[in-house]
Structures are given as C-alpha cells and as structure tokens.
Amino acid sequence: MLRSLSDIARRNGHSIWLFAGSDKGGERIANILTIIETTKLHGHNPEIYLKDVLARIQDHPKDRIAEMLPWNWKPANARYEAA
C-alpha cells in the first residue's frame, strides 16, 4: 500500500501535496488515496466502488457497515460487476 502511494507521489512529482492547503488537507488526500489503492488491490474499479458506496451508505445499516469495505464490497447493481 505504501509503495502504491509513493508511486502516485512520484508520478505527480509530489505536486499533489502542494494543493492540500494544510496538514488536515494532506491527511484527507492520504485517506482518499488509501481507499482508492485498497479498492484496486481487491480488484475493483475505484470510481465504480466510490459511486456505489456513496449512493448506498446513507441508508445502509450501521451494524453492517463492514459490507461496504473494499474487501467485502459487492455492487448493488449487477452492471457494475461487468465493468
């Protein structure tokens, strides 16, 4: 995971961090990049994963939130599986 994040920073010449604005902004960027890379590691398209999870999470039961993690995620819509 750390290697993937380092690769992103290297490809972007570390410029991605210039737009963080603050330490908190840097943490937010690191968090979203971690989600994206974890999603990729589990064989999912990050854009499809994020769209699906963000659309469903508000109504998803709190006691089943682990179902939304990249390693447990199953798309709500069958068309996502083909992508």
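Note that the sequence shown covers residues -10 to 72 in my numbering.
For every residue, glycine included, the Cβ atom is placed at its ideal position computed from N, Cα and C.
For A72, which of helix, strand or coil comes out of DSSP? Note that A72 scores a pLDDT of 48, beneath 50, so its modelled location is shaky; the value from the coordinates is reported in the next line. Looking at A72 - three-state DSSP - the assignment turns out to be coil, as it is neither helix nor strand.
Limits of the unbroken alpha helix (DSSP H) element including K29: Segment D12 to L30, the alpha helix (DSSP H) holding K29.
At which residues does the alpha helix (DSSP H) containing D41 begin and terminate? Here the alpha helix (DSSP H) through D41 covers P35 to R45.
Going by other Cβ atoms of all chains shown within 10 Å of its Cβ, with 16 needed for buried, is W62 buried or exposed? Residue burial annotation: W62 is buried, with at least 16 other C-beta atoms found within 10 angstroms of its C-beta.
Between R53 and K13, what straight-line distance do the alpha-carbon atoms span, to the nearest angstrom? Rounded to whole angstroms, R53 to K13 spans 29 angstroms at the Cα level.
Can you grab the Cα-Cα spacing for the pair E16 / H31, in whole Å? The alpha-carbon atoms of E16 and H31 are separated by roughly 23 angstroms.
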